[in-house]
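Residue numbers (my numbering), protein chains in the order written: chain A, 71 to 279; chain B, 31 to 158.
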């Protein structure tokens, strides 16, 4: 799936980011529905070129800096502010595996009804149990067990993140197979619970004994 | 984020935190979660089998203040109610009572789901 290549409304050269023309340095008109991949100027795909994302973000941040629009007409100034906001949203969403996967899932499922609450069997019970265990460990300041728990959960979290790419690849081969998207949804749901747990575990030097 | 007085009260001094014996035939356990934020909520009810009245309720919630307050309120509300009455508790009532802002409405939905899950669990175990 590739994004269409629109042209700059001024110099008519192909645009990379739909927000801004690098050639003539003109801010492009855009609406609230603009896609985040289009904002960054990268192909719509789970696999991204991180360096390219980074590079475009840096360049666009610079070009859209408020200082450059200080004396611009009111409408253009307002548009540049909106552009900065959507640029940051796009960058933050796409640079992180789970938010990028979640965003793509939204694009692909569109109107299709999915079970949004789906989780692996017994997962919720396990999360509850782990949260309770965490309470006890924090209470007793058991830094060794806490560190071990953090490591194990960290590994699980990474495993979930690694599961996205093959699923998206499979979906490319079998588009319309919503079973694959349902699996992705399940993984993303699980990820969020794990992330909440991990956020509660302090780093070793923060565990007071 | 401004929390209402009631939410703060429930958060600082939550009512009915704890557990009931899930193996007890008169206990129903509901475990629900909100994937949007990773909140996990467990709500348990103790039912008088003769009158079908909920005589005790306990909860344990891992989540934000609004989630804790919603489940705390839920346990307060179900106590003394019949199962059918408890089943008809709406999340909108919780939203109103706690003055929950739009971003926290899902916490009240979770609490409503927890009540229903506990009742369903109780009923299914009665059938065994």
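Glycine included, C-beta positions come from ideal geometry on N, C-alpha and C.
In this structure, B:54 is the residue among B:36, B:54, B:124 with its C-alpha nearest to the C-alpha of residue 148 of chain B. In the three-state DSSP reduction, residue 97 of chain A falls in the strand class (E or B). Inter-residue distance for residue 145 of chain A and residue 152 of chain A is about 11 Å (C-alpha atoms, whole angstroms). Look at the region 55-85 of chain B: the residues with a C-beta under 8 Å from a C-beta of chain A are 61, 62, 63, 65, 66, 67, 68, 69, 70, 72.
Here residue 102 of chain B is not near residue 137 of chain B, since their CB atoms are 7 Å or more apart. When DSSP states are grouped into helix, strand and coil, residue 75 of chain B belongs to the strand group. The CB of residue 92 of chain B comes closer than 7 Å to the CB of 201 in chain A, given here in chain order.
The beta-carbon of residue 138 of chain A is placed no less than 7 Å from the nearest beta-carbon of chain B. Rounded to the nearest angstrom, the Cβ distance from residue 93 of chain B to residue 69 of chain B is 3 Å, consistent with a contact under 8 Å.
Of all residues in the region 213-225 of chain A, none places a beta-carbon less than 9 Å from a beta-carbon of chain B. Closest option to residue 186 of chain A, judged by alpha-carbon separation, among A:270, A:256, A:122, A:93: A:256.
Those residues of the region 257-268 of chain A placed with their C-beta closer than 7 Å to a C-beta in chain B are 259, 262, 263, 265, 266, ordered along the chain. Here residue 120 of chain B is exposed, its C-beta having fewer than 16 other C-beta atoms within 10 Å. Looking at A:238, A:267, A:109, A:264, the one whose alpha-carbon comes closest to that of residue 253 of chain A is A:238. Think of a sphere of 7 Å around the beta carbon of residue 110 of chain A: no beta carbon from chain B falls inside it, the nearest being about 25 Å out.
By a beta-carbon distance limit of 8 Å, residue 98 of chain B contacts residue 44 of chain B. Their separation comes to about 6 Å. Annotated as distal: residue 46 of chain B and residue 77 of chain B, with beta-carbon spacing of 7 Å or more.
Residues of the region 170-189 of chain A with a C-beta less than 8 Å from any C-beta of chain B: 186, 187, 189, listed in chain order. Within its own chain, the residues whose Cβ lies closer than 8 Å to the Cβ of residue 150 of chain A, once the five positions on either side in sequence are excluded, are 97, 134, 136, 138, 139, 142, listed in chain order.
Residue 88 of chain B sits buried, since 16 or more C-beta atoms from the chains shown fall within 10 Å of its C-beta. In this structure, the CA atom of residue 169 of chain A is about 5 Å from the CA atom of residue 163 of chain A. Distances from the CA of residue 179 of chain A to each of A:104, A:271, A:250 were compared; the closest alpha carbon is that of A:250. Residue 72 of chain B sits close to residue 198 of chain A, with the two beta carbons spaced by under 7 Å. Residues of the same chain with a CB within less than 8 Å of the CB of residue 151 of chain B, apart from the 5 flanking positions on each side, are 58, 59, 60 in chain order.
With 16 or more other CB atoms across the displayed protein chains lying within 10 angstroms of its CB, residue 160 of chain A is buried. With distances taken between CA atoms, residue 82 of chain B lies nearest to B:116 out of B:144, B:91, B:116. By the Cβ neighbour-count rule, residue 77 of chain A is exposed, with fewer than 16 other Cβ atoms within 10 Å of its own.
Scanning its chain for C-beta atoms nearer than 8 Å, with the 5 sequence neighbours on each side dropped, one finds around residue 52 of chain B the residues 59, 74, in chain order.
Exclusion of the five residues before and after residue 64 of chain B leaves 136, 140 as the residues of its chain whose Cβ lies within less than 7 Å of its Cβ. Looking at the DSSP output, residue 37 of chain B sits in no beta bridge, so it has no partner there. The DSSP-derived three-state label of residue 129 of chain B is coil.
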